[in-house]
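Engineer: The structure under discussion is supplied below as structure tokens; questions concerning it will follow.
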Amino acid sequence: MKLEYFILFFLSSIVICGSQNTRMEFMPTLPLGVPFSENPTCRYHTEMYIENLKNLSLWAYEMLDATAKSSTGVLRGSVFQMGDFDQCLTARAPFETKYCLATVTANVPRPQDPREDELSLYFKPNANVLKRIYKYKDKTQQSRNVINLGWCIPASCQINDLEHSLSQYFQNETTLLQENNVTFSVKIMDKFCQTETESRRFDGLDLSFCILCLIIFILVISGSSYDFSRAKSVRMKHERTSFTQKALLAFSVRNNFLDLTKIDERNKALKILYGIKTCSILLIIMDHRFGTYVSSAILNFDYVEKQYRSPFACIFFHGDLFVDTFFMFSGLLVTYGLLGQLEKRKINPMFIIVLRYIRLTPVYAFVIFYYATLFNYTGSGPLWKVIAGQDSLDCRKNWWTNLLYINNYVNADQMCMTHSWYLPCDYHYFIIAIVICLLIRKQKKIGLYSLLVVVVISIIIPFLVTVINKRPSMLFFYPDFLTSPKNHIDFLLTYSKSHTRATPYFIGMFIGYVYHKLKGTNYHLPMKRSLLILTVSIVLILAAILTGAVFYNPYHPYNAIESGIYAALHRVGWAAGCSGLLFVASFGHATPIKKILTWYPWIPLSKLIYSAYLIHMQFQLRAAATFMNPRRIGIFDTVSLALSDMVLSFISALILYLAIEAPLRNIFKELLMPSRPITNTETAIEEEVDVKSNVVKSMVYNDKETTSRL
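Structural data, given as structure tokens:
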């Protein structure tokens, strides 16, 4: 019995002694400083750092404590071990410190006994861990062989010093993985390194934006005060006001807020759009929240991997269809409004195009200006330069493409505000819509056939693009897209291009034509027909969004023709379904839906949609860029954060509306109609511009001009 205990003790001693030389971690740890640097200054600072660690100096342990010690949660898909970013940059060392994220890749050879099902998310408990971290071709799975480690080092060490030293260090280290033919490579990018002194400095552009904000603030205070004094004075109410006074009154918060809450009673059939548009933007904000959350440091990415295979998760992963809802409504409103005005008088197309540019661009330009300047000062973190800083830099470089509405074609891989691709698409469609409406007015059959041809072409184009380039049926919200959306081939090729997203807009034009023909009539759908259209519409909507799960399924084999057909038709189904719901709610028996969607609070909210869309992503990008450590993701977490995004976005949109959008709209109206006061303000459904001939002779003679926007 004693002999058995002795043998057991002896074997245990061998294992313990062996484990002292071979670490159990399957991912390596970072060294103290940069020991193998060829840079003498870097090497000297490293030696000073190590020496002070031995002396128990506080500043040295601040650096050590700020460095990621080991990998945790990698098997769940957590690929960021960030250490302590703030502590590193504020460590009181005798030299400047620098924080870097070192990207370490484990080059795992293909297992000799590969898994029978390489797409499965299930791994047997006794399976070799190398099978779990081996990089499979399944894009739904997060790579477990790559980890980003937070490293606090002397700022004198350059990128090449870091990479060379780490490579040397890994060669001298011994881990169980290295004993199993696994090698480690390292990559450190400049955008993953930050120092305290290189933090952003105010420049002339930043100062210019602050001055602009101050001017706007003064104008709002002055305009509101002047309006308040006029309201109290009976004599001033009846005085003729000059253009300068009217321009100042345009900034009155009271007037603009009252305008925000006004109801348009001219076409009750379209009142339902208030609710639909507001609900759509709320879903878009929630969808973007999920995407930006996943693009950052996630603790439990295995949860996301499971959701990729869930049909109901397509509400998030196929949320691009919510944007198609706006395209459809935009086409409807433009057609409805233009045809109504063309019946009364001639309209100069160029004037309408310029007018739309004037209406959309001021608040858009202000938000771009903000992104290019102050946005970069609103936070910090290990991923700040990669996420928020890069977006701000892109706005500084390519703001002009946004203002020309060509940013989805020119320098699209460096687009200012990733979500701004919608605006050039809508603007391009608007120009085509004017031509088609003019054709419908002059030759109804030719115009309608032309619209039909455009719809067919818009269906064929995504089919051809998908088949010829052998691309997937839609843009998959996989990690490769979420971490770098503007550089993803499918975003650049199909998702953001006007010629591949046009179908819902032109289908909406058909619906707008129908609404125009029914305007002023007492048309009402019978009960049976209402139920039929309602049922078919719901089926089409559910089919369009849920069938995306078929293509998200990694087991589904790729077929170019099948993908092309889906790319061409799923937006047709969505637009047709939304159109059917709208039609039944307007003219049929869908009272509960109509009551919900015509609820009064939707009215002011719907007028803030445009500004809310422009500004909402900055809250989400900032949140993702300021992650100091990986966070857990779940449905409840996502919805909770999305609700806060909605509140912040609409509060910001209200400020933009009261201070910029409404005032400038009123000023431009006054410039176009100096001889008459504005008697009717625009609503989210119909917007009026009364233009006198002495201002724009022979361009447009109309009382109302209906345009639409997001």
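Numbers -19 to -1, 1 to 691, taken from mature numbering (1 follows the signal peptide of the UniProt record, and there is no 0), label the letters of the sequence shown in order. Each residue gets a CB set at the ideal place from its N, CA and C atoms; glycine is no exception. Please read all numbers here as calculations on a predicted model, not as lab measurements.
1. Taking the C-alpha atoms as reference points, what is the distance between ARG552 and LEU302?
2. Which one of LEU147, PHE198, ILE526 has the shortest CA to CA distance from LEU229?
3. Pull up the distance between the alpha-carbon of ILE636 and that of ASN33, whole angstroms please.
4. Where in the stretch 122 to 205 do unbroken runs of the alpha helix (DSSP H), each at least 4 residues long, occur, reported from the N-terminal end onward?
5. Reducing DSSP to helix, strand and coil, say where PHE458 ends up.
6. Ends of the alpha helix (DSSP H) at ALA87?
7. Below 8 Å, can you find three or more Cβ-Cβ pairs linking the stretch 92 to 102 to the stretch 156 to 164?
8. Do you know whose CA, among LEU186, GLY493, GLY14, GLY558, lies nearest LEU515's CA?
9. Answer yes or no: do ILE441 and LEU429 have a C-beta to C-beta separation smaller than 8 Å?
10. Pull the bridge partners of ARG612 from the DSSP assignment, please.
11. Enumerate, from N- to C-terminal direction, the unbroken alpha helix (DSSP H) stretches of 4 or more residues contained entirely within the stretch 38 to 65.
12. Could you name the residues of the same chain whose beta carbon sits closer than 7 Å to that of ALA643, not counting the 5 residues immediately before and after it, in chain order?
13. By alpha-carbon positions, which one of GLY362, MET609, VAL436 ends up nearest to ALA556?
14. Assuming contact is defined by CB atoms lying nearer than 8 Å, are ARG482 and PHE308 in contact in what I supplied?
15. How big is the Cα-Cα spacing for SER544 and GLN122?
16. Does the Cβ of LEU364 have 16 or more other Cβ atoms within 10 Å, making it buried, or fewer, making it exposed?
17. Identify, in the order they occur along the chain, each residue of the same chain with its Cβ nearer than 7 Å to the Cβ of SER148, setting aside the five sequence neighbours on each side.
18. With TRP380 as the anchor, note down where its alpha helix (DSSP H) starts and where it stops.
19. ASP305 lies in the alpha helix (DSSP H); which residues open and close that run?
20. Around the C-beta of ASN141, are 16 or more other C-beta atoms found within 10 angstroms, so that it is buried, or is it exposed?
21. Taking three-plus beta-carbon pairs below 8 Å as touching, is the stretch 119 to 139 in contact with the stretch 11 to 27?
22. Sort ASN129, SER439, LEU319 by Cα distance to PHE332 and report the nearest one.
23. Give the straight-line distance between the Cα atoms of residue 710 and LEU562, rounded to the nearest whole angstrom.
24. Which residues mark the beginning and the end of the alpha helix (DSSP H) in which SER511 is found?
25. Does the stretch 373 to 381 come close enough to the stretch 77 to 84 that 3 or more CB-CB pairs lie under 8 Å?
26. Since GLY64 and ALA87 should fall inside the 8 Å C-beta cutoff, what is the C-beta to C-beta distance between them, to a whole number of angstroms?
27. Consult DSSP for ILE339 and reduce its assignment to one of helix, strand or coil.
28. Checking 8 Å against the spacing of the C-beta atoms, do TYR408 and TYR390 come in under that value?
29. With respect to the alpha helix (DSSP H) encompassing VAL436, which residues constitute its N-terminal and C-terminal limits?
30. Whose C-alpha, out of ALA541, PHE600, THR399, LYS588, is nearest the C-alpha of LYS243?
31. Which residue from ILE266, LEU193, THR273 puts its Cα closest to that of ARG603?
32. Taking 8 Å as the cut-off, does the stretch 583 to 599 touch the stretch 621 to 631 (at least 3 CB pairs, one atom from each stretch)?
33. Using only the alpha-carbon positions, how far apart do THR27 and GLY360 sit?
34. When the distance is taken between beta carbons, is LYS116 closer than 8 Å to TYR459?
35. Among the residues of its own chain, which have a CB less than 6 Å from the CB of ILE339, if the five just before and after it don't count?
36. Thinking C-alpha only, which one of CYS69, VAL55, ASP208, MET267 is nearest MET598?
Structural biologist: So, from the listed chains and residues:
1. One-based indexing of the sequence shown puts residue 552 at position 571. One-based indexing of the sequence shown puts residue 302 at position 321. When the Cα atoms are used, ARG552 and LEU302 turn out to be separated by approximately 7 Å.
2. As a position in the sequence shown, residue 229 is number 248, starting the count at 1. Taking LEU229 as reference, the option from LEU147, PHE198, ILE526 with the minimal CA-CA separation is PHE198.
3. Counted from its first residue, the sequence shown places residue 636 at position 655. Counted from its first residue, the sequence shown places residue 33 at position 52. Taking the Cα positions, ILE636 is about 53 Å away from ASN33.
4. Counting whole runs of 4 or more residues, the stretch 122 to 205 contains the alpha helix (DSSP H) stretches 140 to 153.
5. For the purposes of this step, residue 458 is taken as the residue at position 477 of the sequence shown. If DSSP states are grouped into helix, strand and coil, PHE458 belongs with coil.
6. Along the sequence shown, one-based indexing puts residue 87 at 106. Premise fails: ALA87 lies in the beta strand (DSSP E), 78 to 88, not in any alpha helix (DSSP H).
7. With contact defined as three or more Cβ pairs closer than 8 Å, the stretch 92 to 102 and the stretch 156 to 164 are not in contact.
8. Position 534 of the sequence shown, counting from 1, holds the residue named residue 515. Measuring C-alpha to C-alpha distances from LEU515 to each of LEU186, GLY493, GLY14, GLY558 identifies GLY558 as the nearest.
9. Along the sequence shown, read from residue 1 onward, the residue named residue 441 stands at position 460. Along the sequence shown, read from residue 1 onward, the residue named residue 429 stands at position 448. With respect to the 8 Å criterion, ILE441 and LEU429 are not classified as neighbours on the basis of their beta carbons.
10. Here the question's residue 612 lines up with position 631 in the sequence shown. Looking at the DSSP assignment, ARG612 forms a beta bridge with ILE279.
11. Fully enclosed alpha helix (DSSP H) runs of 4 or longer: 39 to 47.
12. Sequence index remark: in the sequence shown, residue 643 carries index 662 (1-based). Within the same chain, ALA643 has close Cβ partners ASN237, ASP240.
13. As a first step, residue 556 must be located in the sequence shown, where it is residue number 575. Nearest option by C-alpha distance: VAL436.
14. Position 501 of the sequence shown, counting from 1, holds the residue named residue 482. Position 327 of the sequence shown, counting from 1, holds the residue named residue 308. It is a contact, given that the beta carbons lie within the stated cut-off.
15. Residue numbering aside, residue 544 sits at position 563 when the sequence shown is read from its first letter. Residue numbering aside, residue 122 sits at position 141 when the sequence shown is read from its first letter. Taking the straight line from one Cα to the other gives about 21 Å.
16. Here the question's residue 364 lines up with position 383 in the sequence shown. Buried, by the Cβ-count rule.
17. Here residue 148 corresponds to residue number 167 of the sequence shown, with the count starting at 1. Answer for SER148: VAL167, listed in chain order.
18. Translated into positions along the sequence shown, residue 380 becomes position 399. Per DSSP, TRP380 belongs to the alpha helix (DSSP H) from 371 to 384.
19. As a working mapping, residue 305 is identified with position 324 in the sequence shown. Per DSSP, ASP305 belongs to the alpha helix (DSSP H) from 301 to 323.
20. Here residue 141 corresponds to residue number 160 of the sequence shown, with the count starting at 1. With fewer than 16 other Cβ atoms within 10 Å, it is exposed.
21. Touching, yes, given that three or more Cβ pairs across the two stretches are closer than 8 Å.
22. Taking the sequence shown and counting its residues from 1, the one referred to as residue 332 is at position 351. Nearest option by C-alpha distance: LEU319.
23. This structure cannot settle anything about residue 710, because the visible part of the chain is limited to -19 through 691.
24. Position 530 of the sequence shown, counted from the start, is the residue given in the question as residue 511. In this chain, the alpha helix (DSSP H) harbouring SER511 covers 508 to 527.
25. They do not touch, by the three-pair rule.
26. Taking the first residue of the sequence shown as 1, we reach residue 64 at position 83. Taking the first residue of the sequence shown as 1, we reach residue 87 at position 106. About 20 Å separates the two Cβ atoms, so there is no contact after all.
27. Here residue 339 corresponds to residue number 358 of the sequence shown, with the count starting at 1. Helix at ILE339.
28. Your numbering for residue 408 matches position 427 in the sequence shown. Your numbering for residue 390 matches position 409 in the sequence shown. In this structure, the beta-carbon distance from TYR408 to TYR390 does not fall below 8 Å.
29. Locating residue 436 in the sequence shown gives position 455, counting from the first residue. Per DSSP, VAL436 belongs to the alpha helix (DSSP H) from 425 to 450.
30. Translated into the one-based positions of the sequence shown, residue 243 becomes position 262. When each option's Cα is compared against that of LYS243, the closest is LYS588.
31. Looking up residue 603 in the sequence shown gives position 622. Nearest option by C-alpha distance: THR273.
32. Using a C-beta cut-off of 8 Å, the stretch 621 to 631 makes contact with the stretch 583 to 599, since at least three inter-stretch Cβ pairs fall below that distance.
33. Position 46 of the sequence shown, counting from 1, holds the residue named residue 27. Position 379 of the sequence shown, counting from 1, holds the residue named residue 360. Cα-Cα distance, rounded: 30 Å.
34. Position 478 of the sequence shown, counting from 1, holds the residue named residue 459. Position 135 of the sequence shown, counting from 1, holds the residue named residue 116. No; because the gap between Cβ atoms is not below 8 Å, this pair is not in contact.
35. On the sequence shown, position 358 is the one that residue 339 refers to. Around ILE339: PHE649.
36. Locating residue 598 in the sequence shown gives position 617, counting from the first residue. Closest by alpha carbon: MET267.
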